[in-house]
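In mature numbering (1 follows the signal peptide of the UniProt record, and there is no 0), the protein residues as written are -29 to -1, 1 to 347.
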């Protein structure tokens, strides 16, 4: 298997997937039918085509559209500051967060090349680097922070959706609807322009004929991405499993992990804009939609396809629960009702991971003594 995962998102996952390939290499040579016994190989081409044309490409196009709208809204706010333009910019930010969250689960391919993922979203910030750098940028008079091209050459911590979350919702954001040519606003517009550029690049790369989309649709011995159908399906399951793991490990347990006495709401993603649970829901919606739009169930023997329905039901339950939690994370972690719901999110995400790894993965014969999950 030759696809990779970003270490910032799932370093353990990358190692375990590599171990899986090494462990099963002799099986390819000595037992060529080991995978084919359960994997419905004939369904693989149609599934991979749906992965690309039904989920990935539309997902990046939608993200590009929302990022462009965000850039326009920020530009309008800077040119004509007003309360209505401020509200419009924040609304556009919300839509961009949703669109990114949906496609963010695809942590393979062009998005992990040239640090594109981190340019769009630098999170989690384990060393606490971003806030000081963002505040320093806003306090400076350096015009290089107000141009997308020059901003792109600086630290990834100050040029993505996380940075724009601070610009629009952090301390001092009240100046945005009042002051024309506000340096903070111009910096925010440059961030939005950078995100727009990244989104456009990703959409273009996936739309390009003969490029990454063909590599995903046509596994084969001369394909540097997937050499055969089992590798392609393993790559698909990797997206699903590790996308769900990231929600649990990097999104929820970053700020809420009672077993370790960790309650840190200000470490939650998008806590300033109260979009934490919107982002979580978008991630899980992405997992659910990839499962259904790609018809992953068709890869399984008929008697094992029910596991996919189990996962989609858990995803719906997760989304409904997340949407009912108090949006203000600082308040949510103090309320018993919301804490119970956070526990439900952890439980549902864990079960989803097991069902995807052992249920779907095992159902297509790709786990044989190995789990995609991290065992936590």
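Note that CB positions come from ideal geometry on N, CA and C, so glycine has one too.
Because the structure is a prediction, the values reported are computed rather than measured.
For residue 98, no alpha helix (DSSP H) encloses it, and the DSSP letter there is neither H nor E. A residue is called buried once 16 or more other Cβ atoms fall within 10 Å of its Cβ, and residue 319 is buried on that count. Ranking 140, 205, 31 and 192 by CA distance to the CA of residue 333 puts 205 first.
In this structure, residue 52 and residue 150 form a Cβ contact; the two beta carbons are roughly 6 Å apart against a cut-off of 8 Å. With respect to the 7 Å criterion, residue 212 and residue 76 are not classified as neighbours on the basis of their beta carbons. Residues 169 of the same chain have their beta carbon placed closer than 6 Å to that of residue 87, with the five preceding and five following residues left out of the count. Secondary structure of residue 228 (DSSP, three-state): strand.
With contacts defined as CB atoms closer than 7 Å, residue 245 and residue 298 qualify as a contacting pair. For residue 123, the closest alpha carbon among the candidates 62, 161 and 287 is that of 161. Sequence-distant partners of residue 104 (beyond 5 residues in either direction) whose C-beta falls short of 7 Å from its own C-beta, in its chain, are 126, 128 and 129. Burial of residue 117 is indicated by the presence of at least 16 other C-beta atoms within 10 angstroms of its C-beta. By the Cβ-count criterion, residue 58 is exposed, with fewer than 16 other Cβ atoms from all chains shown falling within 10 Å of its own Cβ. In summary, residue 188 is buried, with 16 or more beta-carbon neighbours lying within 10 Å of its beta-carbon over all protein chains present. Note on geometry: alpha-carbon atoms of residue 44 and residue 164 lie some 11 Å from one another.
Per DSSP, residue 240 lies in no alpha helix (DSSP H) and is assigned neither H nor E. Taking a C-beta distance under 7 Å as the contact criterion, residue 70 and residue 37 qualify as a contact pair. With fewer than 16 other Cβ atoms inside 10 Å of its own Cβ, residue 180 counts as exposed.
When secondary structure is reduced to three states using DSSP, residue 233 falls in the strand class. The beta carbon of residue 173 sits closer than 7 Å to those of 31, 81, 82 and 87, all from its chain and outside the five residues before and after it, given in chain order.
Shown here, residue 111 sits in coil according to DSSP, grouped into three states, outside any helix or strand. With the rule of 3 Cβ pairs closer than 8 Å, the segment 16 to 28 counts as touching the segment 186 to 202. Around the CB of residue 159, 16 or more other CB atoms lie within 10 Å, so the residue is classed as buried. Residue 21: member of the alpha helix (DSSP H) spanning 15 to 21, first to last residue. A distance of 7 Å or more separates the beta carbons of residue 171 and residue 42. Residue 222 is not a Cβ neighbour of residue 140, given a cutoff of 7 Å. Only buried fits residue 330, as 16 or more other CB atoms lie within 10 angstroms of its CB. Listed in chain order, the non-local C-beta contacts of residue 250 below 6 Å within the same chain comprise 68, 72, 240 and 241, local neighbours out to five positions each way being set aside. Between residue 47 and residue 137, the alpha-carbon positions lie close to 19 Å from each other. Non-local C-beta neighbours of residue 66 in its own chain, meaning closer than 8 Å and more than five positions away in sequence, comprise 37, 40 and 41, ordered along the chain.
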